[in-house]
Amino acid sequence: MNVGCVILACTLFAGASSESKTGLAVKPPCRSGFSQNFYTVLVPRVVLHGQNILKVKFEDCQHSKEVGFVSSDPNFSVRPDGTVYAEQELSNLSEPIQFMVTARELFDPHIWETTVKLAPAGHPHPLPLTKVGIEEMLSRVWDSQPRVFKFARKHQRSSYANGLRRQKRDWVIPPINVPENSRGPFPHMLVRIRSDQDKDVGIRYSITGAGADQPPSGIYNIDPISGNMFVTQPLDREERASFHLRAHAVDMNGNQVENPIDLYIYVIDMNDNRPEFKNQVYNGSVAEGSKPGSSVMQVTASDSDDSTTANGMVRYRILSQTPHSPIPNMFTINSETGDIVTVAAGLDREKVSQYTIIVQATDMEGNLNFGLSNTATALISITDINDNPPELTVRTFSGEVPENKVNVVVANLTVVDRDQPHSPNWNAVYRIVSGDPSGHFTIRTNPVTNEGMLTVIKPVDFEMNRAFMLTVVVSNQAHLASGIQSSLQSTAGVTISVQDVNEPPVFPVNPKTIRFEEGVPAGTTLTVFSAQDPDHFVHQIVRYSKLSDPANWLRINRTNGQITTMAVLDRESMYVRNNIYEATFLAFDNGKSGSPQASGTGTLQIYLIDVNDNPPVLIPQEGQVCQRARPNSRINITASDADSDPNVGPFGFELPTFPPSVRRNWTITRLSGDYAQLRLRIPYLEAGVYEIPITVSDSGNPQLSNRSMIRIKVCPCDHNGDCSATGAVAAAGLGTGAIIAILICIIVLLSMVLLFVVWMKRREKEKQAKPLLIDPEDDVRDNILKYDEEGGGEEDQDYDLSQLQQPESLDHIINKPTGVRRVDERPVIPESQYPVRPSLPHPGDIGDFIHDGLRAADNDPTAPPYDSLLVFDYEGNGSTAGSVSSLNSTSSGDQDYDYLNDWGPRFKKLADLYGGGDDD
Numbered sequence: 014m015n016v017g018c019v020i021l022a023c024t025l026f027a028g029a030s031s032e033s034k035t036g037l038a039v040k041p042p043c044r045s046g047f048s049q050n051f052y053t054v055l056v057p058r059v060v061l062h063g064q065n066i067l068k069v070k071f072e073d074c075q076h077s078k079e080v081g082f083v084s085s086d087p088n089f090s091v092r093p094d095g096t097v098y099a100e101q102e103l104s105n106l107s108e109p110i111q112f113m114v115t116a117r118e119l120f121d122p123h124i125w126e127t128t129v130k131l132a133p134a135g136h137p138h139p140l141p142l143t144k145v146g147i148e149e150m151l152s153r154v155w156d157s158q159p160r161v162f163k164f165a166r167k168h169q170r171s172s173y174a175n176g177l178r179r180q181k182r183d184w185v186i187p188p189i190n191v192p193e194n195s196r197g198p199f200p201h202m203l204v205r206i207r208s209d210q211d212k213d214v215g216i217r218y219s220i221t222g223a224g225a226d227q228p229p230s231g232i233y234n235i236d237p238i239s240g241n242m243f244v245t246q247p248l249d250r251e252e253r254a255s256f257h258l259r260a261h262a263v264d265m266n267g268n269q270v271e272n273p274i275d276l277y278i279y280v281i282d283m284n285d286n287r288p289e290f291k292n293q294v295y296n297g298s299v300a301e302g303s304k305p306g307s308s309v310m311q312v313t314a315s316d317s318d319d320s321t322t323a324n325g326m327v328r329y330r331i332l333s334q335t336p337h338s339p340i341p342n343m344f345t346i347n348s349e350t351g352d353i354v355t356v357a358a359g360l361d362r363e364k365v366s367q368y369t370i371i372v373q374a375t376d377m378e379g380n381l382n383f384g385l386s387n388t389a390t391a392l393i394s395i396t397d398i399n400d401n402p403p404e405l406t407v408r409t410f411s412g413e414v415p416e417n418k419v420n421v422v423v424a425n426l427t428v429v430d431r432d433q434p435h436s437p438n439w440n441a442v443y444r445i446v447s448g449d450p451s452g453h454f455t456i457r458t459n460p461v462t463n464e465g466m467l468t469v470i471k472p473v474d475f476e477m478n479r480a481f482m483l484t485v486v487v488s489n490q491a492h493l494a495s496g497i498q499s500s501l502q503s504t505a506g507v508t509i510s511v512q513d514v515n516e517p518p519v520f521p522v523n524p525k526t527i528r529f530e531e532g533v534p535a536g537t538t539l540t541v542f543s544a545q546d547p548d549h550f551v552h553q554i555v556r557y558s559k560l561s562d563p564a565n566w567l568r569i570n571r572t573n574g575q576i577t578t579m580a581v582l583d584r585e586s587m588y589v590r591n592n593i594y595e596a597t598f599l600a601f602d603n604g605k606s607g608s609p610q611a612s613g614t615g616t617l618q619i620y621l622i623d624v625n626d627n628p629p630v631l632i633p634q635e636g637q638v639c640q641r642a643r644p645n646s647r648i649n650i651t652a653s654d655a656d657s658d659p660n661v662g663p664f665g666f667e668l669p670t671f672p673p674s675v676r677r678n679w680t681i682t683r684l685s686g687d688y689a690q691l692r693l694r695i696p697y698l699e700a701g702v703y704e705i706p707i708t709v710s711d712s713g714n715p716q717l718s719n720r721s722m723i724r725i726k727v728c729p730c731d732h733n734g735d736c737s738a739t740g741a742v743a744a745a746g747l748g749t750g751a752i753i754a755i756l757i758c759i760i761v762l763l764s765m766v767l768l769f770v771v772w773m774k775r776r777e778k779e780k781q782a783k784p785l786l787i788d789p790e791d792d793v794r795d796n797i798l799k800y801d802e803e804g805g806g807e808e809d810q811d812y813d814l815s816q817l818q819q820p821e822s823l824d825h826i827i828n829k830p831t832g833v834r835r836v837d838e839r840p841v842i843p844e845s846q847y848p849v850r851p852s853l854p855h856p857g858d859i860g861d862f863i864h865d866g867l868r869a870a871d872n873d874p875t876a877p878p879y880d881s882l883l884v885f886d887y888e889g890n891g892s893t894a895g896s897v898s899s900l901n902s903t904s905s906g907d908q909d910y911d912y913l914n915d916w917g918p919r920f921k922k923l924a925d926l927y928g929g930g931d932d933d
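Residue numbers (this note's numbering): 14 to 933.
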């Protein structure tokens, strides 16, 4: 059987090589410790006993040869030169193994640590490399000279050259490491795959897997003839950290020549990502006065690079602090966790309420030369604690209050507190610790200004206390912080002066209750209801008056307050409630100088003791029984009495001896103390209405009795004992009195009708004896008369009607010279007396009344129309009707106008003009 082999040739990227050289040129200062904080090594799935794994490098700046190494995993040990080897055989490794290696010098107590991570071959885990050790790893993986690996037969147990390692008859190809972000040129050869049978037969090579023929496809390809595998583009570890491909070798017919080979390609991480904070601004808080080491907040940044390498290891530091009070470095930050803590005392919110911290996050474990950085802002608020006690602004306050006033603010206590306003550390609480044993005052806090409002809640009396000296203490709602003492200015004195006012007289006993029997006669003295004036330092006279006396039974002496009766006291009055009669009286003084009178009221309650002054009254007043005696045909009777015990029941009921028919027909049987039964004594009584007198007596002393009438309807009954309809009608017959009343009403009604007829007849006769003064045909009253309309002229339609209207003012008439006037003038002479019509004139006197009124009007010169000459405006020219002035009036000269003198005063002017008399 032919022996096949595969040859892998690896070349190093020029960019990686140059970067490695640049890195080796930089020599950091000597510092004892491991060269790397983290080592990652690929190991086969089976590790043999004593097999070397890797060699850790320790830098000993003191050049001490006695350095001891210890492994935290018992399966591995470390030789003095730093070589890590397996203490026992490990098989079937499937998961990475991580352990710590510590180093310690002989005479140095300091201990150094590093982490070793063993990744089994074939495990999909990237190969992390640190910045410091990348040259060493690349030189180990990428060799400038191709290396040849030969496949061994399944039963071949020997090892082949250049690193082939046996693992249960299978040979594992070391992984291929490719740095990310390579600059090319592309495609760039990674390895060469060959089969030792390519000399005998034509071989075609191919690769399969994600990155080759599967998404993301096209990243890797292979020359099917030469077996050279290439990467075609730059890689990004943050997108994909590893690839698993399979290499195939087939002949020209497609027959498999070699078994497929697994190729693991790991993308080597480069530091190409800056740390990113989760927030650009962080908010935190810490209480003022916190001790050093108090936790404030935490900032967090993440790096997309490999967190197991220095590329992704972020370290934090504070760049600046604003303000620098009290020192520039009040805070520090844990470089690995990002926790910010205080490092100094002196935080005071009243001086600095907020700090601004600029925090920087750097990868490469904080190496500022190689690492990438980013910044964020941390706002630290200093929270308030009650480290400032409230202080009153002055040591003594003063105020004054009138006596007998409540809810009056006497003084405002001002306070200063430097803590945060409107918080429990600032809100003031005031207490009165002395000077007010009776609790007259309280102090309420103004929620806006924090002032204490000293308020009167219980009236003060000038005659008892003219002044108060209070001691007031102020504190906060929250307790003072530990170690903070109260200030001496938290206590102050308050002096309160009480102002004297005119107080009203006071009745010592109010209300005052007295007891009297009802029926006390008028003029009886009941009691003296006097008041006292509280103003002891000023002598005043007290007078009394009655304010309320519903029944008007009492009077009070104006000077001494003596109460006497004006009427008989009656317990049964509507003004008495529960045997008590109340009256209210007023007591007033004469007032101090400059003060008005003051008055006080007092209530007098008179408890009236009952006496037997009301006889009982029978109940009910009417009833109904059957005309034939039956067991259920009876009436239960009782009585009511306005008096009270013992002047009421038990009642006594008795039928009178007269008339004899009462006791002969009826009988009374006692049922109990207050009830009795009235029933027929005889077996049959004629139907009708009977009024039966019954004498009712009470049990008072002296006993009172009353004779009451009960109206009984006796009627025929049916078999159930109820009155039948016929019997009810018969029993409802009218008595003699009712019949007489009905007859009287009828007579009165007939008389009124007769009188009305007689009056109408007489009126007819009077109308026939005196006819009307005027003919009905000539009576124009209540008639509408229509006259012909003349119509308007041609050029006289536009005329001023105001000249024909009554003016509002007569000034122009009064000032007008004597002569013709435009309006009527009423003569200034005494008016005539007209006859007064009687309120109820006789019909026959109506005509006389009218004639008398007409005669008075004819002789009245003041009655309109007044005798005046009126002048109207000029009508105008151009009228086709012509002027009426062309009409001439003629007179025969022989006409006699003397009869005008007989027409009365209103025709006197006309008679003078035409009658030939003298002109006025």
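Beta carbons: idealized from backbone N, C-alpha and C, even for Gly.
Keeping to the same chain, check which residues put their C-beta closer than 8 Å to that of GLN640; ignore five residues upstream and five downstream.
The sequence position of residue 640 within the sequence shown is 627, counting from 1. Only TYR697, LEU698, GLU699, ALA700, VAL727, CYS728, PRO729, CYS730, GLY740 meet the Cβ criterion.
Taking DSSP's pairing of strands, which residues face ARG405 in a bridge?
Along the sequence shown, read from residue 1 onward, the residue named residue 405 stands at position 392. Sequence check: residue 405 is Leu here, not Arg. Paired residues: VAL428.
Where LEU385 and ARG330 are concerned, what is the direct C-alpha to C-alpha distance, given to the nearest angstrom?
Your numbering for residue 385 matches position 372 in the sequence shown. Your numbering for residue 330 matches position 317 in the sequence shown. Each residue's alpha carbon lies about 13 Å from the other.
Please state if the CB of LEU392 and the CB of ALA505 are separated by a distance shorter than 8 Å.
For the purposes of this step, residue 505 is identified with residue 492 of the sequence shown, where counting begins at 1. For the purposes of this step, residue 392 is identified with residue 379 of the sequence shown, where counting begins at 1. For ALA505 and LEU392, no; Cβs fall outside 8 Å.
Determine the DSSP secondary structure at VAL761, reduced to helix, strand or coil.
To locate residue 761, count along the sequence shown from 1; it is residue 748. If DSSP states are grouped into helix, strand and coil, VAL761 belongs with the helices.
For ILE826, which of helix, strand or coil comes out of DSSP?
Indexing the sequence shown from 1 puts residue 826 at position 813. Because ILE826 carries a pLDDT of 49, less than 50, the predicted location of this residue cannot be relied on, and the following value inherits that uncertainty. ILE826: helix per DSSP, three-state reduction.
What are the start and end residues of the beta strand (DSSP E) that includes GLY81?
Here residue 81 corresponds to residue number 68 of the sequence shown, with the count starting at 1. Run containing GLY81: 80–84, per the beta strand (DSSP E) assignment.
In angstroms, rounded to a whole number, what distance separates the CA positions of GLN498 and PRO402?
Walking along the sequence shown from the start, residue 498 turns up at place 485. Walking along the sequence shown from the start, residue 402 turns up at place 389. Each residue's Cα considered, the two are about 8 Å apart.
Should ARG677 be labelled buried (16 or more other beta-carbon atoms within 10 Å of its own) or exposed?
Walking along the sequence shown from the start, residue 677 turns up at place 664. Exposed.
Taking 8 Å as the cut-off, decide whether the C-beta atoms of ASN292 and ASN324 are in contact.
To locate residue 292, count along the sequence shown from 1; it is residue 279. To locate residue 324, count along the sequence shown from 1; it is residue 311. Not a contact, by the Cβ cut-off of 8 Å.
Could you compute how far the alpha carbon of ALA924 sits from the alpha carbon of HIS864?
Position 911 of the sequence shown, counted from the start, is the residue given in the question as residue 924. Position 851 of the sequence shown, counted from the start, is the residue given in the question as residue 864. Near 24 Å, if we compare the C-alpha coordinates of HIS864 and ALA924.
Terminal residues of the alpha helix (DSSP H) in which TYR927 lies
Mapped onto the sequence shown, residue 927 falls at position 914. Residues 921–927.
Between ILE232 and VAL244, what straight-line distance do the alpha-carbon atoms span, to the nearest angstrom?
As a first step, residue 232 is located in the sequence shown; it is residue number 219 there, counting from the start. As a first step, residue 244 is located in the sequence shown; it is residue number 231 there, counting from the start. The alpha-carbon atoms of ILE232 and VAL244 are separated by roughly 6 Å.
I need the DSSP call for TRP916, collapsed to helix, strand or coil.
The sequence position of residue 916 within the sequence shown is 903, counting from 1. The answer is helix: DSSP assigns TRP916 an H, G or I state.
Using alpha carbons as the reference points, say which of GLY359, ASN645, PHE769 lies closest to GLY734.
As a working note, residue 734 is residue 721 in the sequence shown. Considering only alpha carbons, the answer is ASN645.
Taking the C-alpha atoms as reference points, what is the distance between VAL80 and TYR52?
Within the sequence shown, residue 80 is the residue found at index 67, counting from 1. Within the sequence shown, residue 52 is the residue found at index 39, counting from 1. Cα-Cα distance, rounded: 19 Å.
From GLY379 to ASN241, what distance separates their C-alpha atoms?
By 1-based counting over the sequence shown, the position of residue 379 is 366. By 1-based counting over the sequence shown, the position of residue 241 is 228. Distance between the alpha carbons of GLY379 and ASN241: 41 Å.
Beta-carbon proximity check, VAL327 vs ASP400, cutoff 8 Å:
Stepping through the sequence shown from its first residue, residue 327 is reached at position 314. Stepping through the sequence shown from its first residue, residue 400 is reached at position 387. The answer is no: Cβ separation not under 8 Å.
Where GLN502 falls: helix, strand or coil (DSSP)
Here residue 502 refers to the residue found at position 489 of the sequence shown. Three-state DSSP puts GLN502 in a helix.
Round the Cβ separation of THR458 and ASN438 to the nearest angstrom and send it over; I've been treating them as touching at under 8 Å.
In the sequence shown, counting from the first residue as 1, residue 458 sits at position 445. In the sequence shown, counting from the first residue as 1, residue 438 sits at position 425. The Cβ separation is near 14 Å, so there is no contact.
What is the C-beta distance between GLU516 and ASP623, in whole angstroms, given that I count them as a contact (C-beta under 8 Å)?
Position 503 of the sequence shown, counted from the first residue, corresponds to residue 516. Position 610 of the sequence shown, counted from the first residue, corresponds to residue 623. The pair is not a contact, with the Cβ atoms about 41 Å apart (cut-off 8 Å).
Whose C-alpha, out of ASP73, GLU108, ASP94, PHE71, is nearest the C-alpha of VAL59?
If you number the sequence shown from 1, residue 59 lands on position 46. When each option's Cα is compared against that of VAL59, the closest is GLU108.
Checking the sheet assignment: what are the DSSP bridge partners for ASN234?
On the sequence shown, residue 234 is found 221 positions in, with the first residue counted as 1. Answer is PHE243.
Here's a check: name, in chain order, each residue in its chain whose Cβ is nearer than 6 Å to the Cβ of LEU684, leaving out the five neighbours to either side.
Looking up residue 684 in the sequence shown gives position 671. Once the five neighbours on either side are set aside, the close Cβ partners of LEU684 are GLN690.
Rounded to whole angstroms, what's the CA-CA distance from LEU67 to VAL54? Just pull it up for me.
The count along the sequence shown starts at 1 and reaches residue 67 at position 54. The count along the sequence shown starts at 1 and reaches residue 54 at position 41. Cα-Cα distance, rounded: 7 Å.
Leaving out five residues before and five after GLY452 in sequence, what residues of the same chain have Cβ atoms less than 7 Å from its Cβ?
Residue 452 sits at position 439 when you count from the first residue of the sequence shown. Here the set comprises LYS471.
6 Å CB neighbourhood of ILE346 in its chain, flanking five on each side removed
Numbered from its first residue, the sequence shown carries residue 346 at position 333. Hits under 6 Å: TYR329, ILE331, ILE353.
Who are the Cβ neighbours of PRO237 in its own chain at under 6 Å, not counting the five residues just before and after it?
Against the sequence shown, residue 237 aligns to sequence position 224. If we look at PRO237 and ignore the five residues flanking it on each side, its Cβ neighbours are ARG217, TYR218.
Locate the beta strand (DSSP E) running through ARG720, then write down its first and last residues.
By 1-based counting over the sequence shown, the position of residue 720 is 707. Note, ARG720: beta strand (DSSP E), 718–728.
Rounded to a whole number of angstroms, what is the C-alpha to C-alpha distance between PHE666 and TRP566?
As a first step, residue 666 is located in the sequence shown; it is residue number 653 there, counting from the start. As a first step, residue 566 is located in the sequence shown; it is residue number 553 there, counting from the start. Roughly 36 Å between the two C-alpha positions.
Strand pairing of GLU252, partner residues [DSSP]:
By 1-based counting over the sequence shown, the position of residue 252 is 239. BP columns for GLU252 are empty, so no partner.
Could you compute how far the alpha carbon of GLY95 sits from the alpha carbon of MET113?
In the sequence shown, counting from the first residue as 1, residue 95 sits at position 82. In the sequence shown, counting from the first residue as 1, residue 113 sits at position 100. Taking the straight line joining both Cα atoms gives about 13 Å.
Under a three-way DSSP split, which group does TRP772 fall into?
The residue given as residue 772 occupies position 759 in the sequence shown. Helix at TRP772.
Can you give the Cα-Cα distance for ARG568 and TYR443, rounded to whole angstroms?
The residue given as residue 568 occupies position 555 in the sequence shown. The residue given as residue 443 occupies position 430 in the sequence shown. Approximately 54 Å between the Cα atoms of the pair.
At the level of alpha carbons, what is the spacing between SER503 and ASN425?
The count along the sequence shown starts at 1 and reaches residue 503 at position 490. The count along the sequence shown starts at 1 and reaches residue 425 at position 412. Taking the straight line from one Cα to the other gives about 15 Å.
Can we say the region 597–614 touches the region 629–637, given the rule of at least three CB pairs closer than 8 Å?
no
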